[in-house]
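Using the numbering used here, you'd call the opening residue of the sequence shown number 971 and step up by one each time.
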Amino acid sequence: MAKTYQAFTTSLMGSMPRSQDLLKAKAKAMDQTEESKTAYQALLAKETEEIVRFQEECGIDVVVNGELDRDNYMSFVAEKVPGIQLMSLEEISASLEDREQFEKSRANMDALDDTLSSPVIVDKIALDAELDYKEMQQLKKMTDHPIKATIPSPYLLTRSMWMDEMAGKFYDSRKELGKDIQEMVLNETKRLIDLGVDIIQLDEPILSDVVFNCAEAGSSFY
971 MAKTYQAFTT
981 SLMGSMPRSQ
991 DLLKAKAKAM
1001 DQTEESKTAY
1011 QALLAKETEE
1021 IVRFQEECGI
1031 DVVVNGELDR
1041 DNYMSFVAEK
1051 VPGIQLMSLE
1061 EISASLEDRE
1071 QFEKSRANMD
1081 ALDDTLSSPV
1091 IVDKIALDAE
1101 LDYKEMQQLK
1111 KMTDHPIKAT
1121 IPSPYLLTRS
1131 MWMDEMAGKF
1141 YDSRKELGKD
1151 IQEMVLNETK
1161 RLIDLGVDII
1171 QLDEPILSDV
1181 VFNCAEAGSS
1191 FY
């Protein structure tokens, strides 16, 4: 049976600040040594639990895990889903035929920093990839409060990860890619429901762009 929530039930959007110690540990874990990866996972669990306790002490009704393992709300999918690769914006721009359109879209989104990275399609995606399942398993063990999962929306992923020159080698159109992404997100949603996650939040910051800009651009930052 679905839970009934009181009026003005409180929760966080999803992310919390990461400590310098955690950022350094993650950078070391990129070396792929077992010792560095184990140390990072231990610190990640510790700081996640601290965030959970903080929310409980503040009286937050629906608890999140703070997304401490994510660089941002979307790029993490490159670590989770075969067929998606994280590339720097400079690398993406260099691979495109219409670089002018891409650079214009970056300027419109205030994303001219070449150190930024974005996930792109480099193969057919894995439809059963887990996006937030393991993190929610861990969160359930940390609290008796209702919990919330946060995952990118199908539109956000379809729109932002499509580049004609790369995704077009594996999908006939952005619409075809969208069907696979929709199925992948639906599969994850079903897993989270079966796990007992109380609220599933789909992050969608750019859908309004359909109204105000060209939604069919083949090579845009968003």
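For every residue, glycine included, the Cβ atom is placed at its ideal position computed from N, Cα and C.
Just so you know, these numbers come straight off a predicted model, no measurement behind them.
Contact check, residue i vs residue j, beta carbons under 8 Å
{"i": "Lys1118", "j": "Val1034", "result": "yes"}
{"i": "Gln1108", "j": "Ala1015", "result": "yes"}
{"i": "Leu1038", "j": "Met1106", "result": "no"}
{"i": "Ser989", "j": "Glu1026", "result": "no"}
{"i": "Gln1055", "j": "Val1092", "result": "yes"}
{"i": "Lys1050", "j": "Glu1004", "result": "no"}
{"i": "Asp1102", "j": "Glu1158", "result": "yes"}
{"i": "Thr1120", "j": "Gly984", "result": "yes"}
Heavy atom of the ligand GDP within 7 Å of residue i beta-carbon
{"i": "Gly1036", "result": "This structure does not include the ligand GDP; it has no bound ligands of any sort."}
Spatial neighbours of residue i in its chain, beta-carbon cut-off 8 Å, leaving aside the 5 residues before and after
{"i": "Lys998", "result": "Ser1006, Ala1009 and Tyr1010"}
{"i": "Asp1150", "result": "Lys1094, Ile1095, Leu1097 and Tyr1141"}
DSSP bridge partner residues for residue i (one or two, in chain order)
{"i": "Leu1172", "result": "Ile1121"}
{"i": "Gly1036", "result": "Ser985"}
{"i": "Pro1089", "result": "Leu1056"}
Straight-line Cα distance separating residue j from residue i
{"i": "Val1155", "j": "Glu1174", "result": "13 Å"}
{"i": "Glu1135", "j": "Phe1182", "result": "25 Å"}
{"i": "Cys1028", "j": "Glu1146", "result": "45 Å"}
{"i": "Leu992", "j": "Leu1013", "result": "7 Å"}
{"i": "Ser1143", "j": "Ala1137", "result": "8 Å"}
{"i": "Ile1163", "j": "Leu982", "result": "20 Å"}
{"i": "Asp1114", "j": "Pro1122", "result": "25 Å"}
{"i": "Arg1057", "j": "Val1022", "result": "Arg is not the amino acid found at residue 1057; the sequence shown has Met there. Each residue's Cα considered, the two are about 32 Å apart."}
{"i": "Lys1160", "j": "Ser1088", "result": "26 Å"}
{"i": "Leu1059", "j": "Leu1127", "result": "16 Å"}
{"i": "Ile1170", "j": "Val1090", "result": "24 Å"}
{"i": "Leu1165", "j": "Lys1104", "result": "10 Å"}
{"i": "Phe1024", "j": "Gln1002", "result": "31 Å"}
{"i": "Tyr975", "j": "Ala1048", "result": "34 Å"}
{"i": "Ala977", "j": "Met1000", "result": "44 Å"}
7 Å CB neighbourhood of residue i in its chain, flanking five on each side removed
{"i": "Asp1168", "result": "Lys973, Val1032, Pro1116, Ile1117 and Lys1118"}
{"i": "Tyr1125", "result": "Glu1174 and Leu1177"}
{"i": "Met971", "result": "Residue placement at Met971 is flagged as unreliable, the pLDDT there being 41, under the threshold of 50; a coordinate-derived value is accordingly withheld."}
{"i": "Glu1061", "result": "none"}
{"i": "Trp1132", "result": "Ile1091, Arg1144 and Leu1147"}
{"i": "Asn1042", "result": "none"}
Close Cβ partners of residue i (< 6 Å) along its chain, the five nearest in sequence each way excluded
{"i": "Leu1172", "result": "Ser1123"}
{"i": "Met1044", "result": "Pro1122"}
{"i": "Phe1046", "result": "Arg1040"}
{"i": "Thr980", "result": "Ile1030 and Asp1031"}
{"i": "Pro1052", "result": "Ala1096"}
{"i": "Lys1139", "result": "none"}
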